[in-house]
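J.:
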Amino acid sequence: MKSLIWKDYRINRLLLIFGSVVCVGPWVIAIVRHLQLNLRGEGVWWGPEPWVSTSSISLGLSLFTLAMLGGNAIAPERADRSAEFLGYLPVSRWTILAGKSLIALTPAVAIWAVNLAFLLWVAPRLADGVSAVEIVLRSEVREFFNVFGPVSILLFGSGWFWSAALRSHGLATGMSFFTLAVVVMGMLGIEYGLGVEGFLTNKSIAIAFLIVGIGGYLVGCAYYLRRLEP
Amino acid sequence: MRSLLWKDYRINRLLLIFGLVVCFGPWILASVWGDFLSVRMNDEAPWRAPGFWISTCIFSLGLSVFTLAMLGGNAIAAERADRSAEFLAYLPVARWSVIVSKSLIAIAAGAAIWGVNLFILFFVAPRFEFSYIPDEDTIARVRMMFAVCAAVSVLVFGSGWFWSSVLASHGLATGMSFVVLAAVIGVLLALEFVCGWERFLETWFVSVCAVTGIGGYFAGCACYLHGLEDAFKDLLYGRKATA
Numbered sequence: 001m002k003s004l005i006w007k008d009y010r011i012n013r014l015l016l017i018f019g020s021v022v023c024v025g026p027w028v029i030a031i032v033r034h035l036q037l038n039l040r041g042e043g044v045w046w047g048p049e050p051w052v053s054t055s056s057i058s059l060g061l062s063l064f065t066l067a068m069l070g071g072n073a074i075a076p077e078r079a080d081r082s083a084e085f086l087g088y089l090p091v092s093r094w095t096i097l098a099g100k101s102l103i104a105l106t107p108a109v110a111i112w113a114v115n116l117a118f119l120l121w122v123a124p125r126l127a128d129g130v131s132a133v134e135i136v137l138r139s140e141v142r143e144f145f146n147v148f149g150p151v152s153i154l155l156f157g158s159g160w161f162w163s164a165a166l167r168s169h170g171l172a173t174g175m176s177f178f179t180l181a182v183v184v185m186g187m188l189g190i191e192y193g194l195g196v197e198g199f200l201t202n203k204s205i206a207i208a209f210l211i212v213g214i215g216g217y218l219v220g221c222a223y224y225l226r227r228l229e230p
Numbered sequence: 231m232r233s234l235l236w237k238d239y240r241i242n243r244l245l246l247i248f249g250l251v252v253c254f255g256p257w258i259l260a261s262v263w264g265d266f267l268s269v270r271m272n273d274e275a276p277w278r279a280p281g282f283w284i285s286t287c288i289f290s291l292g293l294s295v296f297t298l299a300m301l302g303g304n305a306i307a308a309e310r311a312d313r314s315a316e317f318l319a320y321l322p323v324a325r326w327s328v329i330v331s332k333s334l335i336a337i338a339a340g341a342a343i344w345g346v347n348l349f350i351l352f353f354v355a356p357r358f359e360f361s362y363i364p365d366e367d368t369i370a371r372v373r374m375m376f377a378v379c380a381a382v383s384v385l386v387f388g389s390g391w392f393w394s395s396v397l398a399s400h401g402l403a404t405g406m407s408f409v410v411l412a413a414v415i416g417v418l419l420a421l422e423f424v425c426g427w428e429r430f431l432e433t434w435f436v437s438v439c440a441v442t443g444i445g446g447y448f449a450g451c452a453c454y455l456h457g458l459e460d461a462f463k464d465l466l467y468g469r470k471a472t473a
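From first to last, the protein sequence lines stand for chains A and B. Residue numbers for the first sequence follow the working numbering, so the first one is 1 and each next one is one higher. Residue numbers for the second sequence follow the working numbering, so the first one is 231 and each next one is one higher.
(1) When the Cα of Lys332/B is compared with those of Val438/B, Trp236/B, Cys439/B, which residue comes out closest?
(2) Could you confirm whether any beta carbon from chain B is found closer than 7 angstroms to the beta carbon of Thr54/A?
(3) Which chain A residues are close to Thr404/B, counting only those with a beta carbon under 7 angstroms from its beta carbon?
(4) Just verifying my parser: in three-state terms, what is the DSSP assignment at Ala471/B?
(5) In chain A, which residues lie with their C-beta within 9 angstroms of the C-beta of Ala342/B?
(6) Any beta carbon of chain B sitting closer than 7 angstroms to that of Met187/A?
(7) Could you tell me which of Leu155/A, Gly216/A, Val184/A, Phe144/A sits nearest to Ser53/A, measuring between CA atoms?
(8) Is the distance from the Cβ of Gly71/A to the Cβ of Ala172/A below 7 angstroms?
(9) Thinking just about the alpha-carbon of each residue, which of Phe254/B, Ile337/B, Leu244/B, Arg232/B is nearest to the one in Gly302/B?
(10) Output yes if chain B places a C-beta closer than 7 angstroms to the C-beta of Gly71/A; else output no.
(11) Give me, in chain order, the residues of the same chain whose beta-carbon lies closer than 7 angstroms to that of Ala307/B; leave out the 5 immediate sequence neighbours on both sides.
(12) If we count the other Cβ atoms within 10 Å of its Cβ and call it buried at 16 or more, is Lys470/B buried or exposed?
(13) Please classify Cys221/A as buried or exposed, where buried requires at least 16 neighbouring CB atoms within 10 angstroms.
(14) Return the CA-CA distance between Met68/A and Phe358/B, expressed in angstroms with no decimal places.
(15) Measuring straight from C-alpha to C-alpha, what distance separates Leu334/B and Ser327/B?
(16) If distances are taken between C-alpha atoms only, which option among Ala164/A, Phe118/A, Trp160/A comes closest to Ile29/A?
(17) Check this for me: beta carbons of Ala174/B and Gly25/A, under 7 angstroms apart or not?
(18) Determine the direct distance from the alpha carbon of Phe352/B to that of Arg142/A, and round the result to whole angstroms.
(19) Need the endpoints of the alpha helix (DSSP H) that Gly60/A sits in, please.
(20) Return the Cβ separation of Phe178/A and Phe296/B in integer angstroms, given the expectation that the two are a contact with Cβ distance under 8 angstroms.
(21) Let's see if you can read the secondary structure: which residues bound the alpha helix (DSSP H) around Pro124/A?
(22) Just the Cα atoms here: how many angstroms apart are Val196/A and Val384/B?
(23) If we define contact as Cβ-Cβ less than 7 angstroms, is Gly302/B a contact residue for chain A?
(24) Can you give me the Cβ contacts of Asn115/A inside the same chain, cut-off strictly under 6 angstroms, excluding the 5 residues immediately before and after it?
(25) Cα separation between Leu244/B and Gly213/A?
(26) DSSP state of Asp80/A, grouped into three classes?
(27) Apart from the five residues on each side of it in sequence, which residues of its chain come closer than 7 angstroms, Cβ to Cβ, to Ile74/A?
(28) Assuming Val22/A contacts Thr65/A (C-beta within less than 8 angstroms), just tell me the rounded distance between them.
(29) Taking DSSP as the reference, what is the three-state secondary structure of Pro322/B?
(30) Rounded to the nearest angstrom, what separates Leu15/A and Gly445/B at their Cα positions?
(31) For Leu466/B, name the three-state secondary structure that DSSP assigns.
(32) Assuming Gly157/A is part of the alpha helix (DSSP H), what are its boundary residues?
(33) On the CB-based measure, 16 or more other CB atoms within 10 Å of its CB, does Tyr454/B come out buried or exposed?
(34) Distance check for Tyr320/B and Thr472/B, CA to CA, integer angstroms please.
(35) For Arg240/B and Val32/A, I'd like the C-alpha separation in whole angstroms.
(36) If Trp375/B and Ile288/B are in contact, beta carbons under 8 angstroms, what's the gap, nearest whole angstrom?
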C-alpha cells in the first residue's frame with residue numbers, strides 16, 4: 001500500500017504542488033498585505049470581508065486542482081503505459097483504487113481544511129475585532145458550502161469517471177469541465193425550455209451537482225474494478 | 231508531412247469525434263426540440279425566427295470552447311505522456327514540420343467548428359425567410375457574443391498550447407488552459423474594482439483574451455522548437471559529453 005501511495009504521489013506531484021500554491025497563495029498575499037497595511041497604520045478598515053474574499057478566491061481556484069486531480073487519477077497510467085505493468089503486479093485492484101483515492105481525496109480535504117483554518121483560526125487572530133463566530137454567520141461563508149462544495153464534488157467526481165473510462169487524461173480533465181457546463185445547461189434547459197418554473201434553485205443545483213459528482217466517482221470506481229486493461 | 235498529419239490525426243481522433251458531436255449536437259437537438267414544440271403547441275416552426283439560429287450557434291460555439299482547450303492541451307504533451315516524443319525526436323524530421331503538422335490538425339478543427347456554425351447561420355438560416363428585422367441593439371449584442379466566444383476560444387486554445395509545450399502531462403495542460411481563463415477574468419475584475427475603472431472587464435476582455443491566446447500559441451511554438459527532446463538527442467549523439 002505504501003509503495004502504491006508513493007507511486008500515485010509521484011504521478012500527481014506537479015499537480016499537488018500547483019494545488020498547494022493555488023490554495024495557500026491567496027492567503028499569503030492577503031496576510032502580507034494585511035501586515036503591510038498594519039505597519040503603515042492603515043489596517044483599521046480591514047474587517048472580515050477581505051478574509052472571506054481571500055477564502056473564496058482560494059477555494060474558487062482550487063476547483064481547477066480538484067478537476068485535474070479527478071481527471072489525472074487513473075488515465076495517466078494508461079497514457080504512459082505503466083497501467084499494464086501495474087496489472088502484472090500481485091496487487092488487488094481494490095488496493096490500487098484505495099491508493100489513488102487517498103492521493104486524490106486527501107488534498108481535496110486538505111484544501112478545505114486549510115481554508116477553514118485560515119478563515120476561522122488565523123484571520124480572527126490577525127485582525128482586531130473580527131471573531132470566528134462573526135465570520136461563520138456571514139452569508140458568503142454559507143455560500144462556500146452551497147456553491148464551492150457541490151461544484152468541487154462535481155468536477156472531481158466527473159473527472160474521476162472520465163479518467164476511469166478514457167486513456168487520455170487531457171480529455172478526462174477537459175470532460176470534467178464539460179460535464180459541469182452540460183449539467184448547468186441541462187438544468188437551464190429544463191427551467192426555460194420545458195417551462196418548469198422554480199426548478200433552478202440553489203438547492204436543486206447543489207443536489208444535482210452532488211448526485212453527478214458522487215455518482216461519477218462511484219461509477220468510475222466500479223468501471224475501473226471491472227475493466228480489463230489492454 | 232503526410233505521415234505527421236496522419237499521426238497527429240490518430241492521436242487526436244477521439245477528441246475530434248467529440249468536437250464533431252459537440253459542434254453538431256446542439257443543431258440536431260435544437261431542430262428536434264423545435265419541431266416537437268411547434269407540433270405540440272400548434273405554433274409556427276421556431277426556425278422562422280432568427281433567435282433560434284443565433285442561440286443555437288452561440289450554444290454550439292460555447293460548448294466548442296472545451297474542444298479547443300483540449301486540442302491545445304493535447305497538442306504536444308500527449309506525445310510526451312505516451313513517450314512517443316522521444317521516438318519522434320529520433321526520426322529525421324525537422325521540428326518545424328512537426329509543429330506545423332500539430333498546428334494544422336488543431337487549427338483546422340477549430341476553423342471547421344467556426345466555419346460550420348457561421349455557414350449554417352449566414353447561409354442556411356436566411357433561406358427560412360425571417361419576418362423579423364433585428365434592431366441595432368440586438369445586432370450589437372450578437373456581435374459581442376460572437377466576439378466573446380471567439381476570444382475565449384483563442385485564449386483557451388493558445389494557453390493550452392503553451393502549457394502543452396511546457397509540461398509532460400496533457401491533463402495538467404488542459405486544466406491550466408481553464409486556469410488561465412479564470413486568471414484573466416480575475417485580474418481584469420480586480421483591476422476594475424481596485425482601480426475603480428468602470429466597465430474595464432467589458433471593454434478589455436476580448437482584446438486581452440486574444441492577445442494572451444495568440445501570445446501563448448507563439449510562446450508554445452518557440453518553447454517546443456527549443457524543447458527538452460533535444461537533451462535526448464544530445465545524449466544519444468554524445469554532443470554534450472564532447473562539448
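Even glycine gets a Cβ: it sits at the ideal position worked out from N, Cα and C. Only a predicted model underlies this, so the values are computations on that prediction, with no experimental measurement involved.
T.: With the structure as the only source:
(1) Translated into positions along the second sequence, residue 332/B becomes position 102. Nearest C-alpha to Lys332/B among Val438/B, Trp236/B, Cys439/B: Trp236/B.
(2) Sequence index remark: in the first sequence, residue 54/A carries index 54 (1-based). With a threshold of 7 angstroms between beta carbons, Thr54/A makes no contact with chain B.
(3) As a first step, residue 404/B is located in the second sequence; it is residue number 174 there, counting from the start. The answer, in chain order, is Gly170, Thr173, Gly174.
(4) In the second sequence, the residue the question calls residue 471/B occupies position 241. Here Ala471/B scores only 39 on pLDDT, less than 50, and its place in the model should not be relied on; the value that follows carries that caveat. In the three-state DSSP reduction, Ala471/B falls in the helix class (H, G or I).
(5) Residue 342/B sits at position 112 when you count from the first residue of the second sequence. For Ala342/B, none of the residues of chain A pass the 9 angstroms Cβ criterion, the least Cβ distance being about 18 angstroms.
(6) As a position in the first sequence, residue 187/A is number 187, starting the count at 1. Cβ-Cβ to chain B under 7 angstroms: no for Met187/A.
(7) On the first sequence, residue 53/A is found 53 positions in, with the first residue counted as 1. Relative to Ser53/A, the option among Leu155/A, Gly216/A, Val184/A, Phe144/A whose CA is nearest is Phe144/A.
(8) The sequence position of residue 71/A within the first sequence is 71, counting from 1. The sequence position of residue 172/A within the first sequence is 172, counting from 1. Contact annotation: Gly71/A and Ala172/A have beta-carbon atoms nearer than 7 angstroms.
(9) On the second sequence, residue 302/B is found 72 positions in, with the first residue counted as 1. It is Ile337/B whose Cα lies nearest to the Cα of Gly302/B.
(10) Here residue 71/A refers to the residue found at position 71 when the first sequence is read from its first residue. Contact of Gly71/A with chain B is assigned, a C-beta pair being separated by under 7 angstroms.
(11) Counted from its first residue, the second sequence places residue 307/B at position 77. Shown here for Ala307/B: same chain residues with a beta carbon closer than 7 angstroms to its own, the five before and five after excluded, namely Ser394, Leu397, Ala398, Ser399, His400, Ala403 in chain order.
(12) Locating residue 470/B in the second sequence gives position 240, where the first residue counts as 1. In this predicted model, Lys470/B has a pLDDT of only 47, less than 50, meaning its place in the structure is not dependable; the value taken from the coordinates is given anyway. Burial state of Lys470/B is exposed, judged by a 10 Å Cβ sphere holding fewer than 16 other Cβ atoms.
(13) As a working mapping, residue 221/A is identified with position 221 in the first sequence. Buried, by the Cβ-count rule.
(14) One-based indexing of the first sequence puts residue 68/A at position 68. One-based indexing of the second sequence puts residue 358/B at position 128. The alpha-carbon separation between Met68/A and Phe358/B amounts to approximately 44 angstroms.
(15) As a working note, residue 334/B is residue 104 in the second sequence. As a working note, residue 327/B is residue 97 in the second sequence. Distance from the CA of Leu334/B to the CA of Ser327/B, rounded to the nearest whole angstrom, comes to 10 angstroms.
(16) Within the first sequence, the letter at position 29 stands for residue 29/A. Ile29/A has its Cα closest to that of Phe118/A, out of Ala164/A, Phe118/A, Trp160/A.
(17) Outside the shown range of chain B (231 to 473) lies residue 174/B, about which nothing can therefore be said.
(18) For the purposes of this step, residue 142/A is taken as residue 142 along the first sequence, with counting starting at 1. For the purposes of this step, residue 352/B is taken as residue 122 along the second sequence, with counting starting at 1. One C-alpha to the other measures close to 47 angstroms.
(19) Here the question's residue 60/A lines up with position 60 in the first sequence. In the DSSP assignment, Gly60/A falls within the alpha helix (DSSP H) that extends over 48-71.
(20) As a position in the first sequence, residue 178/A is number 178, starting the count at 1. As a position in the second sequence, residue 296/B is number 66, starting the count at 1. With a contact defined as Cβ atoms closer than 8 angstroms, Phe178/A and Phe296/B qualify at about 4 angstroms.
(21) Translated into the one-based positions of the first sequence, residue 124/A becomes position 124. In this chain, the alpha helix (DSSP H) harbouring Pro124/A covers 123-126.
(22) For this step, residue 196/A is matched to residue 196 along the first sequence. For this step, residue 384/B is matched to residue 154 along the second sequence. Each residue's alpha carbon lies about 36 angstroms from the other.
(23) Counting from one through the second sequence, the residue named residue 302/B turns up at place 72. Judged by the 7 angstroms Cβ criterion, Gly302/B is not in contact with chain A.
(24) Taking the first residue of the first sequence as 1, we reach residue 115/A at position 115. Excluding the 5 residues flanking it on each side, Asn115/A has same chain C-beta neighbours closer than 6 angstroms at Ser55, Ser58, Leu59, in chain order.
(25) Position 14 of the second sequence, counting from 1, holds the residue named residue 244/B. Position 213 of the first sequence, counting from 1, holds the residue named residue 213/A. Their Cα atoms are separated by approximately 23 angstroms.
(26) Counting from one through the first sequence, the residue named residue 80/A turns up at place 80. Here Asp80/A sits in coil by DSSP.
(27) Counted from its first residue, the first sequence places residue 74/A at position 74. Only Lys100, Ser163, Ala164, Tyr224 meet the Cβ criterion.
(28) As a working mapping, residue 22/A is identified with position 22 in the first sequence. As a working mapping, residue 65/A is identified with position 65 in the first sequence. Going by Cβ atoms, the distance from Val22/A to Thr65/A rounds to 6 angstroms, so yes, they are a contact pair.
(29) Residue numbering aside, residue 322/B sits at position 92 when the second sequence is read from its first letter. The answer is coil: DSSP assigns Pro322/B none of H, G, I, E or B.
(30) Taking the first residue of the first sequence as position 1, residue 15/A is located at position 15. Taking the first residue of the second sequence as position 1, residue 445/B is located at position 215. Spanning the two alpha carbons is a distance of roughly 24 angstroms.
(31) For the purposes of this step, residue 466/B is taken as the residue at position 236 of the second sequence. Confidence is the limiting factor: at Leu466/B the pLDDT is only 49, short of 50, which leaves the residue's position unreliable and the question unanswerable from this model.
(32) Stepping through the first sequence from its first residue, residue 157/A is reached at position 157. Where Gly157/A is concerned, the enclosing alpha helix (DSSP H) starts and stops at 149-165.
(33) Here the question's residue 454/B lines up with position 224 in the second sequence. Burial state of Tyr454/B is buried, judged by a 10 Å Cβ sphere holding 16 or more other Cβ atoms.
(34) Here residue 472/B is taken as the residue at index 242 of the second sequence, counted from 1. Here residue 320/B is taken as the residue at index 90 of the second sequence, counted from 1. Model confidence at Thr472/B stands at a pLDDT of 36, short of 50, so the residue's coordinates are unreliable and nothing is read from them.
(35) Against the second sequence, residue 240/B aligns to sequence position 10. Against the first sequence, residue 32/A aligns to sequence position 32. In a straight line, the C-alpha of Arg240/B is about 50 angstroms away from that of Val32/A.
(36) By one-based count along the second sequence, residue 375/B stands at place 145. By one-based count along the second sequence, residue 288/B stands at place 58. The residue asked about is misnamed: residue 375/B is Met in this sequence, not Trp. Indeed they touch by this definition, with Cβ atoms about 5 angstroms apart.
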